[in-house]
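Under the working numbering, the residues of the sequence shown are numbered 606 to 760, in order.
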Amino acid sequence: MKGVFMEEKPVKATMIERLFRTFNLLKEKVDSSGQIRPRQIVILRYIHKCPNHRTTISNLARHYQITDAAASQMVTYFEKKGWVEKVRTEFDRRVVYVKVSDGFMAEMKEKFTQMMEDVNNYMTYLGPKDALALERILEKTIRYMEDETPEEENV
606 MKGVFMEEKP
616 VKATMIERLF
626 RTFNLLKEKV
636 DSSGQIRPRQ
646 IVILRYIHKC
656 PNHRTTISNL
666 ARHYQITDAA
676 ASQMVTYFEK
686 KGWVEKVRTE
696 FDRRVVYVKV
706 SDGFMAEMKE
716 KFTQMMEDVN
726 NYMTYLGPKD
736 ALALERILEK
746 TIRYMEDETP
756 EEENV
């Protein structure tokens, strides 16, 4: 099935160039905005999903299979950014919990709202026909990549 639709090299080269350009534009937009990285969002989401929306540094280290020192550095970085707060319990002041800050949660809600507005603007720009085509192509691309990944790993 390889090469059924795109036999000419110039067409393939153009498609590859457009994909690279698209990815680079997306990367530039995210990097230049100083936004939080996806991995950081995953970690903060994990903290927020913990019981009482908090966890210890040791639990973070254990969950992400990193050292306590690395987890501590990560939490310190997040704390400087204002993304998390350290909380002590009244019962045992030696135990320190980490929780996602209320300010960060509000900021993420605002960013999510902005992202949805950006997507809506883009879909309006595309128009209904192209928006549906893009959705179909992205779904098909995801299925292709998910199906191809296991074979590539076995090679």
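From the three backbone atoms N, C-alpha and C, an ideal C-beta is built for every residue, glycine too.
Practice task
State buried or exposed for Asp627, treating a residue as buried only when at least 16 other CB atoms are found within 10 Å of its CB.
Solution key: Along the sequence shown, one-based indexing puts residue 627 at 22. The sequence shown places Thr at residue 627, not Asp. Under this definition Thr627 is an exposed residue.
Practice task
Work out the CA separation of Met721 and Glu684 for me, nearest whole Å.
Solution key: Within the sequence shown, residue 684 is the residue found at index 79, counting from 1. Within the sequence shown, residue 721 is the residue found at index 116, counting from 1. About 27 Å.
Practice task
Measure the C-alpha to C-alpha separation of Thr681 and Thr746 and round it to an integer number of angstroms.
Solution key: On the sequence shown, position 76 is the one that residue 681 refers to. On the sequence shown, position 141 is the one that residue 746 refers to. Going by the C-alpha atoms only, they are around 39 Å apart.
Handout entry: Cβ pair Arg659, Val703 closer than 9 Å
Key = Along the sequence shown, read from residue 1 onward, the residue named residue 659 stands at position 54. Along the sequence shown, read from residue 1 onward, the residue named residue 703 stands at position 98. Against a cut-off of 9 Å, the Cβ pair of Val703 and Arg659 comes out as a contact.
Problem - Backbone CA spacing between Leu569 and Ile742 [nearest angstrom] - result: Residue 569 is absent from the structure shown; the chain starts at 606 and stops at 760.
Handout entry: Neighbour-count burial assignment, Phe717, 16 or more Cβ in a 10 Å radius
Key = For the purposes of this step, residue 717 is taken as the residue at position 112 of the sequence shown. Exposed, since its Cβ has fewer than 16 Cβ neighbours within 10 Å.
Practice task
Put Val700 into one of helix, strand or coil per three-state DSSP.
Solution key: Reading the sequence shown from its first residue, position 95 is the one you call residue 700. Note: Val700 maps to coil in three-state DSSP.
Practice task
Please confirm whether Val701 and Thr729 have their CB atoms less than 9 Å apart.
Solution key: Working through the sequence shown from its first residue, we reach residue 701 at position 96. Working through the sequence shown from its first residue, we reach residue 729 at position 124. Not closer than 9 Å, so no.
Practice task
State the DSSP-derived secondary structure class of Glu722, mapped to helix, strand or coil.
Solution key: Position 117 of the sequence shown holds residue 722. Helix, per DSSP.
Exercise for the section: Could you tell me if Leu624 is buried or exposed, where buried requires 16 or more neighbouring beta carbons within 10 angstroms of its beta carbon? Expected result: Locating residue 624 in the sequence shown gives position 19, counting from the first residue. Exposed.
Practice task
Specify the secondary structure class of Arg642 as computed by DSSP and reduced to three states.
Solution key: Along the sequence shown, one-based indexing puts residue 642 at 37. DSSP places Arg642 in coil when its eight states are reduced to three.
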